[in-house]
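Engineer: In terms of the numbering used here, the sequence shown is numbered consecutively and its last residue is 562.
By construction, the Cβ of each residue, glycine as well, lies at the ideal position given by its N, Cα and C atoms.
Only a predicted model underlies this, so the values are computations on that prediction, with no experimental measurement involved.
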Amino acid sequence: MEDYCKVLIIDDEFIMRQGMKHMLEWEKEGFQIVGEATNGQEGLDLIEKLEPDIVLADIVMPVLDGIEFSQILKQKYPGIQLIILSSYDKFEYVKSTLLNGASDYILKPTLNPEILLKTLQKAARNIPGLTLRKEKELSPRVMLERFLMGYRDRLDEVLFVNTFPHSLYRVAGIDLRALQEGQKPRIVKFSDMAEEYFERQTEYEMLSVLIEEEILCMVFNFRVRDEERVLRDMQGFADKMNSIFDRVFFVMGDSFSGIQGIRKSYQKEIRPNLGMKFYYPGTAMLLSSQVKITAEETRFAFEDYSSALMRRQYGRALEMFREYTFLLCEAKADVYRLKNLTKNLFYNYLIEMEKCQVDIGTMKRTYFSSIDKAENVEKVRSGGPYHEKHGGRRAETYDDNGFRQCALLSDARQLTSTYNTMIRDINQYIEQIVSIEKEKRTAEIHALQMQINPHYMYNTLASIKWLAWQQDTKKTTEVIDAFISLLRNTISTHFSMDFRRDVPAASRFLHGWRRGISGLILRITAWG
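What follows is the structure, given as structure tokens:
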């Protein structure tokens with residue numbers, strides 16, 4: 035009896051798996067890829083379910099490598115043909131797998147379609163009773179997969195006349211990576227459940243394909259009168275899956291006519307919106323027409339933000355941070371970019387606060403972890419000009435798994451409040467010092483006025499005159515210097531910063547006065 039030879043690929047390198055998948059037109063050659071795994075343990079789990087005839091396995095893999103895998107495979111499934119994939123530097127390991135029953139090996143650097151096909155055909159000849167079933171054309175499922183991935187320019191409408199007999203189409207999709215960290219057995223189970231759920235109805239057609247091991251794409255073909263039925267059944271399936279699996283989120287595109295429009299719908303409506311669950315929490319199925327972009331994403335003014343932080347304008351920086359984060363939420367920005375930008379802006383904010391002796395260690399760890407783990411964001415009210423422009427809607431959070439923007443901003447505001455309080459206390463202290471210095475300066479000036487009186491000036495000038503008449507230049511200079519020193523020391527120069535500008539003026543006054551006294555001495559000497 036002719037049948038496909040079922041092949042399971044096990045390799046931890048995604049590119050390698052994809053390369054082998056599209057290296058051959060498998061069904062034309064009588065082979066069929068029934069599954070993929072990233073390590074030996076995943077492979078063993080799939081073998082029990084899929085019962086492959088041939089396993090292509092890498093020699094070096096995480097969890098369970100090729101050598102251990104070959105030992106277990108020989109003991110539990112001796113009838114399965116094992117082909118080992120190896121690099122040149124791992125060839126010594128291949129000998130161990132051959133001793134464990136591997137039928138052949140392929141060196142990865144030499145892998146090409148011809149070598150792969152010959153090795154598969156050689157292994158297939160060792161399977162008792164197997165006659166390869168070769169197809170002149172690929173199955174509709176394989177052709178659709180290759181079309182969606184860009185390996186085919188068009189679909190042959192004649193070959194799909196029985197698969198899609200109706201006039202209208204809708205495409206739906208789900209990113210399976212969110213299902214329990216993308217465990218392969220659960221992904222396979224999910225795909226099978228989709229087929230089982232829709233095969234029971236007869237009013238329309240549904241064909242599903244798994245794209246790049248992560249996206250289940252479902253194509254619906256129906257008549258105009260059955261469109262509501264398709265939407266109702268798809269919603270029912272989404273709700274059922276949501277009750278079984280965690281974080282189920284389907285996206286369904288608009289209806290269109292013509293089979294060639296399938297790829298356009300997948301690329302424009304399905305793939306870009308698969309991450310929208312972050313913005314639509316609690317939704318199991320989202321129609322692409324329901325996605326509303328209420329703001330346009332713009333560049334963040336990082337230079338102004340940094341300048342505000344450096345100038346200790348924390349309130350302004352915080353408002354810029356909040357406004358832009360909310361703008362990205364309204365613009366439905368890519369979630370990965372939104373989270374990274376939020377962490378970057380908040381990190382810069384905390385670093386500046388740390389300079390004010392604020393301990394940011396715990397807060398940084400707490401909120402960075404919270405941002406990374408955030409699963410959704412809700413739009414609620416908030417203030418400011420952006421709030422008024424958009425009808426009072428803002429992005430904040432409600433539940434424990436949400437984007438903790440409110441709490442984050444609340445703590446940031448608390449830091450700002452603490453800083454502002456500190457600045458206010460410092461300003462009050464400075465004002466007190468200034469007040470004291472003002473009083474002190476007034477008293478010193480009064481004391482100076484008391485000392486520099488006509489009697490004191492007369493006695494001093496008389497002394498200078500007498501010394502000058504005696505032509506005692508040295509003594510005369512000493513008296514003048516002592517007088518100037520008295521003036522200089524009487525007024526304190528330890529004023530607050532508000533009075534420092536008076537010091538140069540005082541200095542100029544004293545030096546000018548000294549020059550005047552010197553001139554007077556010369557005139558006295560000449561007179562004498």
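Assuming contact is defined by CB atoms lying nearer than 8 Å, are residue 191 and residue 293 in contact in what I supplied?
Structural biologist: To locate residue 191, count along the sequence shown from 1; it is residue 157. To locate residue 293, count along the sequence shown from 1; it is residue 259. Yes, the Cβ-Cβ distance between residue 191 and residue 293 is below 8 Å.
Engineer: Which one of 508, 115, 339 has the shortest CA to CA distance from residue 382?
Structural biologist: Taking the first residue of the sequence shown as 1, we reach residue 382 at position 348. With distances taken between Cα atoms, residue 382 lies closest to 339.
Engineer: Comparing alpha-carbon positions, which option in 87, 70, 151 lies nearest residue 80?
Structural biologist: As a working note, residue 80 is residue 46 in the sequence shown. Ranking the options by Cα distance to residue 80, first place goes to 70.
Engineer: Just to confirm, are residue 102 and residue 77 a CB contact at a threshold of 8 Å?
Structural biologist: One-based indexing of the sequence shown puts residue 102 at position 68. One-based indexing of the sequence shown puts residue 77 at position 43. Not in contact: residue 102 and residue 77 (Cβ atoms no closer than 8 Å).
Engineer: Quick check: the Cα distance between residue 437 and residue 279, rounded to an integer number of angstroms?
Structural biologist: Along the sequence shown, one-based indexing puts residue 437 at 403. Along the sequence shown, one-based indexing puts residue 279 at 245. Because the pLDDT at residue 437 is just 45, under 50, the model does not fix this residue reliably, and the value given afterwards should be weighed accordingly. Going from the Cα of residue 437 to the Cα of residue 279 covers about 22 Å.
Engineer: Is the CB-CB distance between residue 231 and residue 256 below 8 Å?
Structural biologist: Residue numbering aside, residue 231 sits at position 197 when the sequence shown is read from its first letter. Residue numbering aside, residue 256 sits at position 222 when the sequence shown is read from its first letter. No, the Cβ-Cβ distance between residue 231 and residue 256 is not below 8 Å.
Engineer: For residue 85 and residue 378, I'd like the C-alpha separation in whole angstroms.
Structural biologist: Locating residue 85 in the sequence shown gives position 51, counting from the first residue. Locating residue 378 in the sequence shown gives position 344, counting from the first residue. Approximately 49 Å, taken between the alpha carbons.
Engineer: Please report the residue range of the beta strand (DSSP E) in which residue 294 lies.
Structural biologist: Position 260 of the sequence shown holds residue 294. Looking at the DSSP string, residue 294 is not in any beta strand (DSSP E), and its letter there is neither H nor E.
Engineer: Cα-Cα, which of 289, 99, 344 is closest to residue 46?
Structural biologist: One-based indexing of the sequence shown puts residue 46 at position 12. Among 289, 99, 344, the Cα nearest to that of residue 46 belongs to 99.
Engineer: By the three-class DSSP mapping on this structure, what secondary structure does residue 366 have?
Structural biologist: As a position in the sequence shown, residue 366 is number 332, starting the count at 1. Correct three-state label for residue 366: coil.
Engineer: Could you pull the DSSP bridge partners for residue 203 from this structure?
Structural biologist: For the purposes of this step, residue 203 is taken as residue 169 along the sequence shown, with counting starting at 1. 255, 290.
Engineer: Return helix, strand or coil for residue 410, following the three-state DSSP convention.
Structural biologist: As a working note, residue 410 is residue 376 in the sequence shown. Looking at residue 410 - three-state DSSP - the assignment turns out to be strand.
Engineer: Out of 37, 371, 58, 262, which one is the CA nearest neighbour of residue 152?
Structural biologist: If you number the sequence shown from 1, residue 152 lands on position 118. Ranking 37, 371, 58, 262 by Cα distance to residue 152 puts 58 first.
Engineer: Going by CA-CA distance only, name the one from 211, 320, 350 that's closest to residue 265.
Structural biologist: For this step, residue 265 is matched to residue 231 along the sequence shown. Among 211, 320, 350, the Cα nearest to that of residue 265 belongs to 320.
Engineer: For my contact list, residue 208 and residue 283 are in at a C-beta cut-off of 8 Å; report their separation, rounded to the angstrom.
Structural biologist: Against the sequence shown, residue 208 aligns to sequence position 174. Against the sequence shown, residue 283 aligns to sequence position 249. Indeed, because the Cβ distance is near 6 Å, the residues count as touching under 8 Å.
Engineer: Could you check the C-alpha separation between residue 51 and residue 346 for me, to the nearest Å?
Structural biologist: Position 17 of the sequence shown, counting from 1, holds the residue named residue 51. Position 312 of the sequence shown, counting from 1, holds the residue named residue 346. For residue 51 and residue 346, the distance between alpha carbons rounds to 54 Å.
Engineer: Taking the alpha helix (DSSP H) that residue 69 falls in, what are its first and last residues?
Structural biologist: Counting from 1 along the sequence shown, the entry for residue 69 is found at position 35. Counting along the chain, residue 69 falls outside any alpha helix (DSSP H), though it belongs to the beta strand (DSSP E) covering 65 to 71.
Engineer: Going by beta-carbon coordinates alone, are residue 325 and residue 310 separated by less than 8 Å?
Structural biologist: Translated into the one-based positions of the sequence shown, residue 325 becomes position 291. Translated into the one-based positions of the sequence shown, residue 310 becomes position 276. In this structure, residue 310 lies closer than 8 Å to residue 325 by Cβ.
Engineer: Per DSSP, what kind of secondary structure is residue 328 in: helix, strand or coil?
Structural biologist: Indexing the sequence shown from 1 puts residue 328 at position 294. Residue 328 falls in the coil class under three-state DSSP.
Engineer: Just tell me which of 236, 62, 157 has its CA closest to the CA of residue 88.
Structural biologist: Your numbering for residue 88 matches position 54 in the sequence shown. It is 157.
Engineer: In the structure shown, what three-state DSSP assignment does residue 120 receive?
Structural biologist: Reading the sequence shown from its first residue, position 86 is the one you call residue 120. Strand.
Engineer: Helix, strand or coil: how does DSSP classify residue 41 here?
Structural biologist: Taking the first residue of the sequence shown as position 1, residue 41 is located at position 7. Of the three classes helix, strand and coil, the one that applies to residue 41 here is strand, per DSSP.
Engineer: To the nearest angstrom, how far is it from the Cα of residue 358 to the Cα of residue 337?
Structural biologist: Walking along the sequence shown from the start, residue 358 turns up at place 324. Walking along the sequence shown from the start, residue 337 turns up at place 303. So the two alpha carbons sit approximately 14 Å from each other.
Engineer: Using alpha carbons as the reference points, say which of 291, 399, 248 lies closest to residue 72.
Structural biologist: Stepping through the sequence shown from its first residue, residue 72 is reached at position 38. Comparing Cα positions, the closest option is 248.
Engineer: Nearest to residue 173 by CA position, among 234, 341, 196, is which residue?
Structural biologist: As a working note, residue 173 is residue 139 in the sequence shown. Residue 173 has its Cα closest to that of 196, out of 234, 341, 196.
Engineer: Which term fits residue 64, buried or exposed, when burial requires 16 or more other beta carbons within 10 angstroms of its beta carbon?
Structural biologist: Position 30 of the sequence shown, counted from the first residue, corresponds to residue 64. The residue is buried, with at least 16 neighbouring Cβ atoms inside 10 Å.
Engineer: Classify residue 92 as buried or exposed, calling it buried when 16 or more other Cβ atoms lie within 10 Å of its own Cβ.
Structural biologist: Locating residue 92 in the sequence shown gives position 58, counting from the first residue. With 16 or more Cβ atoms within 10 Å of its Cβ, residue 92 is classed as buried.
Engineer: With distances taken Cα to Cα, identify the nearest neighbour of residue 331 among 342, 363, 352.
Structural biologist: Indexing the sequence shown from 1 puts residue 331 at position 297. Measuring from the Cα of residue 331, the nearest candidate turns out to be 363.
Engineer: State yes or no: is the C-beta of residue 49 within less than 8 Å of the C-beta of residue 90?
Structural biologist: Stepping through the sequence shown from its first residue, residue 49 is reached at position 15. Stepping through the sequence shown from its first residue, residue 90 is reached at position 56. The answer is no: Cβ separation not under 8 Å.
Engineer: Using the C-alpha atoms, what's the distance from residue 41 back to residue 66?
Structural biologist: Start at 1 with the first residue of the sequence shown, and residue 66 comes out as number 32. Start at 1 with the first residue of the sequence shown, and residue 41 comes out as number 7. C-alpha separation (whole angstroms): 6 Å.
Engineer: Drop a sphere of 10 angstroms on the beta-carbon of residue 54, count the other beta-carbons inside from all chains shown, and report buried for 16 or more, exposed for fewer.
Structural biologist: Counting from 1 along the sequence shown, the entry for residue 54 is found at position 20. Buried: at least 16 other Cβ atoms inside 10 Å.
Engineer: Taking 8 Å as the limit between beta carbons, can you name the residues of its chain near residue 388, skipping five residues before and five after?
Structural biologist: In the sequence shown, residue 388 corresponds to position 354, counting from 1. If we look at residue 388 and ignore the five residues flanking it on each side, its Cβ neighbours are 394.
Engineer: Would you check if the distance between the CB atom of residue 140 and the CB atom of residue 114 is smaller than 8 Å?
Structural biologist: Position 106 of the sequence shown, counted from the first residue, corresponds to residue 140. Position 80 of the sequence shown, counted from the first residue, corresponds to residue 114. The answer is no: Cβ separation not under 8 Å.
Engineer: Reducing DSSP to helix, strand and coil, say where residue 165 ends up.
Structural biologist: Sequence index remark: in the sequence shown, residue 165 carries index 131 (1-based). Three-state result, residue 165: strand.
Engineer: Determine the DSSP secondary structure at residue 347, reduced to helix, strand or coil.
Structural biologist: For the purposes of this step, residue 347 is taken as residue 313 along the sequence shown, with counting starting at 1. Of the three classes helix, strand and coil, the one that applies to residue 347 here is coil, per DSSP.
Engineer: From the DSSP secondary-structure annotation, give me the bridge partner or partners of residue 321.
Structural biologist: Counting from 1 along the sequence shown, the entry for residue 321 is found at position 287. 286, per the DSSP bridge assignment.
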